[in-house]
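Participant: Quick one: this structure, given as structure tokens, is what I'll be asking you about.
Residue numbers (the UniProt record's numbering), protein chains in the order written: chain A, 1 to 618; chain B, 1 to 816.
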């Protein structure tokens with residue numbers, strides 16, 4: 001009880017001190033508050049949130065106390081004051097937000113909800129100088145605050161974030177995320193090159209490759225999940241943010257690093273317009289011929305390609321999953337789709353590909369410039385091809401196929417004829433089916449493989465029945481048939497498997513019979529053309545038909561083939577976070593909180609030293 | 001500054017745009033001159049008149065004879081009192097109100113005027129023929145320019161300087177390069193005569209000010225640097241840029257000086273008549289509506305942005321009238337310079353797009369495109385549409401610019417910014433309330449935020465579902481939409497009746513739909529502009545409008561412009577003027593030759609902008625993309641030989657070909673490879689790039705010795721050597737040459753004046769003008785001319801050098 005009174009008193013005095021003129025007093029107050037909040041929490045880990053509030057401020061004064069605290073922080077953050085002071089304010093807030101492992105159990109945040117500092121965060125993001133200094137902290141803080149009791153109550157931060165429409169702010173946020181992601185990409189690339197040129201890696205390839213997989217992981221886990229969460233929340237909640245994804249800017253990682261941003265003087269192209277309109281950082285684009293223009297989406301795709309390479313680790317599995325969720329949101333958005341498919345916005349996206357035994361590393365330089373959607377599809381194909389393993393990431397596969405499906409739906413609806421080598425996608429999907437069947441027994445024990453199989457078969461159905469609306473050329477439709485006929489064995493096997501399971505009264509009866517029905521057109525194609533091809537071979541006395549000959553038979557025999565129209569091929573369930581994903585996000589936020597808290601301690605200390613210096617000078 | 005003081009008086013004639021009722025006209029005009037006596041210091045009418053008479057004696061021998069013989073009738077009429085209306089400012093349209101006002105004083109006025117006239121006639125017994133010519137209605141701007149240039153008499157020059165005010169603005173604008181070049185490079189007197197007019201127009205129009213400043217800079221650049229600094233041109237340029245010539249409230253300053261009852265001097269007077277609609281006015285009103293407080297920062301920024309706007313609105317003038325526009329131009333040029341440093345087309349394109357997206361953040365602003373023909377504000381540059389054009393070492397690029405048309409550039413406030421993602425699929429053209437827009441709606445559409453907040457739900461519920469499906473319009477009723485039908489079947493009927501489709505149908509639809517868009521070019525990273533230029537303009541406008549946050553506004557327009565950095569466009573401007581002059585000559589003489597002069601904006605001696613020819617791609621691109629001969633391409637695009645479409649395309653081809661052959665011959669246009677000849681969607685050919693004309697030719701390799709370029713491919717399109725169309729082509733050339741010869745002076749004059757003080761390569765040597773005149777063959781009979789045309793066509797046809805030059809271009813530049 002005695003302690004409680006003392007703590008209460010100290011807390012109140014600290015809050016009073018925040019209003020003081022002299023910065024050193026404010027600094028001390030902020031530091032003390034940090035320590036108090038941390039200390040009280042650590043001592044009372046098991047007690048409820050209310051008790052902690054009581055311990056810190058006392059129930060009677062808590063409301064007023066926190067109101068004053070938040071108001072002081074808000075004015076400090078918005079004022080033209082010292083940068084390190086602002087930084088300390090953000091640290092205090094981060095400290096407050098992350099004291100508990102489960103953010104929703106942190107009852108003090110209820111006051112942060114009532115006394116919103118949302119506007120202050122936005123202001124930091126919209127002003128280039130403050131964004132450079134504090135952007136990262138502000139974005140992480142925002143991402144965490146948004147996740148406070150997300151599903152149980154009305155979170156004002158969610159509401160406010162969803163209606164932000166100021167371009168400067170959104171761009172600022174996008175830039176912070178881009179910088180963080182591209183910094184990671186850069187580090188990964190450096191590491192990779194280091195190892196490739198390393199002497200030992202050449203000798204001990206095995207050990208070396210293990211090392212590659214290991215090394216960048218350490219960087220990724222700490223820095224990026226929080227930023228990825230912020231990206232997700234922005235994309236998911238705010239529809240205006242979608243434009244930021246396509247905002248062009250020179251490759252960030254090559255020009256500036258988020259740690260030491262070069263303070264470029266903003267040059268406004270139109271003299272009369274306000275200087276504050278320096279929205280996306282350095283306007284004076286560097287004259288480096290090597291620099292490729294990039295945007296947040298490209299950076300994100302590259303980042304995803306790195307993260308998805310290895311999903312064995314739990315953290316990276318989470319990251320990979322979050323990446324796919326973000327892609328799902330993007331694939332559902334109309335504006336995003338519009339610029340993904342924009343023929344005039346061509347980019348060369350160097351995705352990272354896992355080094356594998358059976359294929360060479362593709363040369364980066366000869367990639368053609370294509371609409372961005374091609375890069376997304378490439379990424380999906382890459383994922384499908386590289387993750388057929390014992391620890392089958394079923395959930396990720398389902399999401400991956402869903403992304404492809406959503407993109408196809410858009411193309412069908414808007415009649416976008418993408419010049420993409422669909423063949424790669426088809427063969428990847430067929431290989432995936434093959435994998436599912438060959439590992440049937442192992443996989444069935446853990447997953448319902450029929451949902452995935454059904455989705456894959458329906459993707460083919462989409463191509464078969466609606467190909468006329470989005471395929472680039474008539475010959476690509478022929479190729480589709482060729483590919484199906486060529487791989488007919490896989491489809492036959494799948495059919496016999498689902499037939500077997502749907503006739504047996506088992507738990508998979510219904511799921512399997514759905515696949516049976518979905519296969520009707522593919523089977524019709526196979527049954528229609530195979531005899532024709534055989535008779536063609538017989539007539540012409542050829543044992544092995546060439547591709548061209550098969551295509552010829554296909555073209556000649558379309559008219560006698562009848563297909564059945566299937567319902568709902570171009571319909572999909574929209575992504576929804578509630579219920580389905582709640583557990584995942586809870587877990588994710590918990591791990592982010594722990595991480596942030598761990599890193600914060602270190603930062604606060606160095607901050608203190610810096611601040612002391614600052615205050616003695618002034 | 002002396003000019004400035006007397007200016008009100010010199011302005012008088014124009015300040016009185018009133019068309020006086022007939023019977024009064026001659027009086028007014030003459031009284032202008034007499035009235036000036038007491039007030040003018042620069043132009044003394046008595047001196048002028050005396051000088052005129054002196055000059056007359058000389059001129060009578062030269063021109064007078066012609067003038068009298070051809071225009072004798074009208075000149076005789078002038079003598080009669082009753083037909084004074086022959087002498088009047090031709091440009092003044094009758095204005096109802098003015099007429100009534102003047103009617104009241106007409107009796108008095110006409111009496112005195114006639115009196116004055118008679119007196120003058122008595123005084124100078126010898127009638128001044130030159131003055132009569134000047135006063136006659138046949139005295140047009142072309143003659144004025146010619147006398148201004150040729151006359152050495154200060155009086156005549158001063159008179160014409162005065163007389164400029166009487167011509168229509170558009171007419172004088174055409175000769176602006178000539179006027180300014182004379183101002184820069186000719187003697188004091190000509191300059192003094194021109195200056196008041198220039199100053200006056202600068203006060204009226206911001207666009208005119210800009211053009212003057214740019215041209216003055218460009219044409220002064222050939223002077224030696226030391227003289228340039230102190231030259232008159234540089235001084236006038238500084239005066240314009242210093243913004244002392246902003247439109248002031250002249251009405252309020254003037255009354256003491258000008259006793260005239262008419263105060264139609266307000267700068268808005270003329271522009272007001274030009275205004276297209278009053279609808280924009282209400283928009284400008286509502287645009288002042290404050291945004292809602294949903295985001296305070298937007299508002300702040302907006303206020304800063306429009307701070308200059310406010311001042312203009314309030315005081316009718318701004319401290320930096322031209323500054324935003326100059327910054328705009330400067331940043332476009334800077335982009336061009338930076339692009340030139342990048343090695344590949346692909347990098348250039350990407351950089352261009354990202355640079356323009358940055359530029360977008362500063363828009364809308366008080367800037368405009370000088371190549372456009374109406375007042376507007378630039379609101380957005382659809383950056384993804386921009387393309388880099390084909391050029392070896394420089395980086396010209398083509399941008400599209402979204403503008404909002406406005407009534408008056410100066411008075412209308414800059415539109416509010418609408419964020420990029422505010423595009424709604426529902427906001428397609430069909431859903432636009434066209435003109436029946438109510439006031440509230442209009443206000444709503446402009447005060448952005450409240451309008452869009454309302455439909456947040458509509459957006460978020462189902463974006464994809466809302467998507468407007470663009471069905472090909474060609475066949476909506478045929479069987480092609482079974483796949484579409486299936487969508488309906490899901491929602492409407494739950495019956496288990498299976499629907500069957502034939503695989504053949506799907507395949508057929510696919511090839512049919514692709515066949516319906518055969519004209520689209522394939523994307524080529526080495527030639528990014530081909531696709532962009534091939535797309536029909538209307539389609540592009542529709543597409544960009546749908547994708548633009550401003551597209552829903554009724555006054556939305558799309559413009560395009562080529563930005564050239566590192567190229568001297570002064571020759572292009574000269575060529576434009578000559579083409580324009582020829583075009584109007586042929587129109588006047590009813591010769592159906594077709595040419596397309598495209599507008600040029602000279603920004604400096606090494607930069608400028610060009611108005612692109614829409615719906616046209618170069619023959620090089622046509623051949624490369626289609627891999628067909630020109631004739632086969634025509635057949636593919638327009639249909640077989642007998643179809644209406646093909647025949648009209650062929651006729652267009654012949655008419656344009658004949659027109660450009662003449663142009664090429666007269667101007668000696670060189671460097672005629674297929675990359676410099678465009679083909680438009682209607683079959684016209686259009687020559688571009690007049691970098692080598694008159695006395696200059698590329699690298700002097702001796703290629704292109706023929707009169708013009710006429711390849712067998714061209715002749716094939718015309719239907720072969722013996723076809724009717726080929727004869728028609730030759731006949732058109734003959735008619736065109738005869739017509740051009742008749743008005744040779746009008747053409748030569750343009751070139752001749754620009755030669756003053758110029759170091760352009762096209763004026764290299766001393767015989768440029770003489771050679772040009774010779775090409776009109778004034779001495780030949782029509783039969784001889786016909787023979788000449790035959791010879792030229794023959795020679796060009798057989799010319800081996802043309803073929804050689806094409807081969808040379810193919811080898812060196814890859815141009816087919």
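C-beta atoms are modelled at their ideal positions from N, C-alpha and C, and glycine is treated no differently.
All figures in this text were calculated on a predicted structure; none of them were measured in a lab.
What would DSSP say about residue 500 of chain B, mapped onto helix, strand or coil?
Facilitator: Looking at residue 500 of chain B - three-state DSSP - the assignment turns out to be strand.
Participant: Out of B:324, B:697 and B:580, state which residue places its alpha-carbon closest to the alpha-carbon of residue 171 of chain B.
Facilitator: That would be B:580, whose Cα lies nearest to the Cα of residue 171 of chain B.
Participant: To which residues of the same chain is residue 774 of chain B closer than 7 Å at the C-beta, ignoring the five residues directly before and after it?
Facilitator: Excluding sequence neighbours, residue 774 of chain B sits near nothing in its chain.
Participant: Residue 370 of chain A by DSSP, collapsed to three states: which one?
Facilitator: Note: residue 370 of chain A maps to strand in three-state DSSP.
Participant: Which complete beta strand (DSSP E) runs does the region 569-619 of chain B hold, if anything under 3 residues is left out?
Facilitator: For the region 569-619 of chain B, whole beta strand (DSSP E) runs of length 3 or above, ordered along the chain, are 600-604, 607-610 and 616-618.
Participant: On the criterion of 16 or more Cβ atoms from any shown chain inside 10 Å, does residue 142 of chain B qualify as buried, or is it exposed?
Facilitator: Counting Cβ neighbours within 10 Å, residue 142 of chain B comes out buried, since at least 16 surround it.
Participant: Quick one: what does DSSP say residue 165 of chain A is sitting in, helix, strand or coil?
Facilitator: If DSSP states are grouped into helix, strand and coil, residue 165 of chain A belongs with coil.
Participant: Following the continuous beta strand (DSSP E) through residue 557 of chain B, name the residue where it begins and the one where it ends.
Facilitator: Its beta strand (DSSP E) spans residues 556-565.
Participant: In chain A, which residues lie less than 8 Å from residue 499 of chain B when you measure between Cβ atoms?
Facilitator: The answer, in chain order, is 564 and 565.
Participant: Give me the Cα-Cα distance between residue 31 of chain A and residue 72 of chain A, rounded to the nearest whole angstrom.
Facilitator: Answer to the nearest angstrom: the Cα atoms are 14 Å apart.
Participant: CB of residue 578 of chain B to nearest heavy atom of the ligand MN: below 7 Å?
Facilitator: This structure does not include the ligand MN; it has no bound ligands of any sort.
Participant: What distance in whole Å lies between the Cβ atoms of residue 167 of chain A and residue 419 of chain B, which are believed to be in contact at a cut-off of 8 Å?
Facilitator: That pair is a contact at about 5 Å.
Participant: Note the first and the last residue of the continuous alpha helix (DSSP H) segment covering residue 712 of chain B.
Facilitator: From DSSP, the alpha helix (DSSP H) with residue 712 of chain B extends over 712-717.
Participant: Measure from the C-beta of residue 419 of chain B to each C-beta in chain A and report whether the shortest distance is under 8 Å.
Facilitator: Interface residue, yes.
Participant: Cβ closer than 8 Å: which chain A residues qualify as neighbours of residue 399 of chain B?
Facilitator: Here the premise fails: no neighbours, minimum Cβ distance about 12 Å.
Participant: Taking only three categories from DSSP, how would you classify residue 80 of chain A?
Facilitator: Three-state result, residue 80 of chain A: coil.
Participant: Using the beta-carbon of each residue, which ones in chain B are nearer than 7 Å to residue 89 of chain A?
Facilitator: Neighbours of residue 89 of chain A on chain B: none; closest Cβ ~20 Å, over 7 Å.
Participant: For residue 400 of chain A, which residues from the same chain have a beta carbon less than 8 Å from its beta carbon, with the 5 sequence-adjacent residues on both sides left out?
Facilitator: Same-chain partners within the cutoff: 324, 380, 383 and 384.
Participant: Which of the three DSSP states, helix, strand or coil, is assigned to residue 236 of chain A?
Facilitator: Residue state, collapsed to three classes: helix.
Participant: Please confirm whether residue 345 of chain A and residue 506 of chain B have their CB atoms less than 8 Å apart.
Facilitator: Against a cut-off of 8 Å, the Cβ pair of residue 506 of chain B and residue 345 of chain A comes out as no contact.
Participant: Please tell me whether residue 596 of chain B and residue 664 of chain B are closer than 8 Å, where the distance is taken between their beta carbons.
Facilitator: No, Cβ-Cβ distance for residue 596 of chain B and residue 664 of chain B is not below 8 Å.
Participant: Which chain A residues sit within Cβ distance under 7 Å of residue 530 of chain B?
Facilitator: Those do not exist, as residue 530 of chain B stays about 13 Å from chain A at its closest Cβ, beyond 7 Å.
Participant: Counting only beta-carbon separations shorter than 8 Å, does residue 251 of chain A have a partner in chain B?
Facilitator: Confidence is the limiting factor: at residue 251 of chain A the pLDDT is only 43, short of 50, which leaves the residue's position unreliable, though a coordinate-based value still follows. With 8 Å as the cut-off, residue 251 of chain A does not count as an interface residue toward chain B.
Participant: Closer than 8 Å, CB to CB, is residue 7 of chain B near chain A or not?
Facilitator: Unreliable placement is indicated for residue 7 of chain B, whose pLDDT of 40 sits below 50; the coordinate value is still reported in the next sentence. No, its Cβ sits nowhere closer than 8 Å to a Cβ of chain A.
Participant: Can you round the beta-carbon distance between residue 451 of chain A and residue 416 of chain A to whole angstroms, since I take them to be within the 8 Å contact cut?
Facilitator: In fact, because the Cβ distance is near 27 Å, the residues do not count as touching under 8 Å.
Participant: Could you tell me whether any Cβ in chain B is nearer than 8 Å to the Cβ of residue 536 of chain A?
Facilitator: It does not: the Cβ of residue 536 of chain A has no partner Cβ on chain B nearer than 8 Å.
Participant: On the premise that residue 376 of chain A lies in contact with residue 407 of chain A, defined as a C-beta separation below 8 Å, what is that separation, rounded to the nearest angstrom?
Facilitator: Sure, about 7 Å apart at Cβ, within 8 Å.
Participant: How far does the alpha helix (DSSP H) with residue 488 of chain A in it extend, from its first residue to its last?
Facilitator: Looking at the DSSP string, the run of the alpha helix (DSSP H) that includes residue 488 of chain A is 488-503.
Participant: Measuring only the C-alpha atoms, how far is residue 386 of chain B from residue 689 of chain B?
Facilitator: Cα to Cα, the separation comes out at about 20 Å.
Participant: DSSP state of residue 569 of chain A, grouped into three classes?
Facilitator: Three-state result, residue 569 of chain A: coil.
Participant: CB-CB under 7 Å to residue 231 of chain B, same chain, minus the five flanking residues each way: which ones, in chain order?
Facilitator: So the list reads 184, 220 and 223, once near-sequence residues are dropped.
Participant: Which runs of the alpha helix (DSSP H) spanning at least 4 residues fall entirely within the region 423-475 of chain A, listed in chain order?
Facilitator: Fully enclosed alpha helix (DSSP H) runs of 4 or longer: 440-446 and 449-470.
Participant: Quickly, what does DSSP pair residue 346 of chain A with across the bridge? List them, please.
Facilitator: Per DSSP, A:371.
Participant: What residues of chain A sit near residue 340 of chain B, judged by a beta carbon separation below 7 Å?
Facilitator: By Cβ distance, chain A contributes nothing, its closest Cβ being about 11 Å from residue 340 of chain B, past 7 Å.
Participant: Along the chain, where does the beta strand (DSSP E) that runs through residue 562 of chain A open and close?
Facilitator: It spans 562-564 - the beta strand (DSSP E) in which residue 562 of chain A sits, taken as one unbroken run.
Participant: Tell me which residue opens and which closes the alpha helix (DSSP H) that residue 678 of chain B is part of.
Facilitator: First-last for residue 678 of chain B: 677-680, but that is the beta strand (DSSP E), not the alpha helix (DSSP H).
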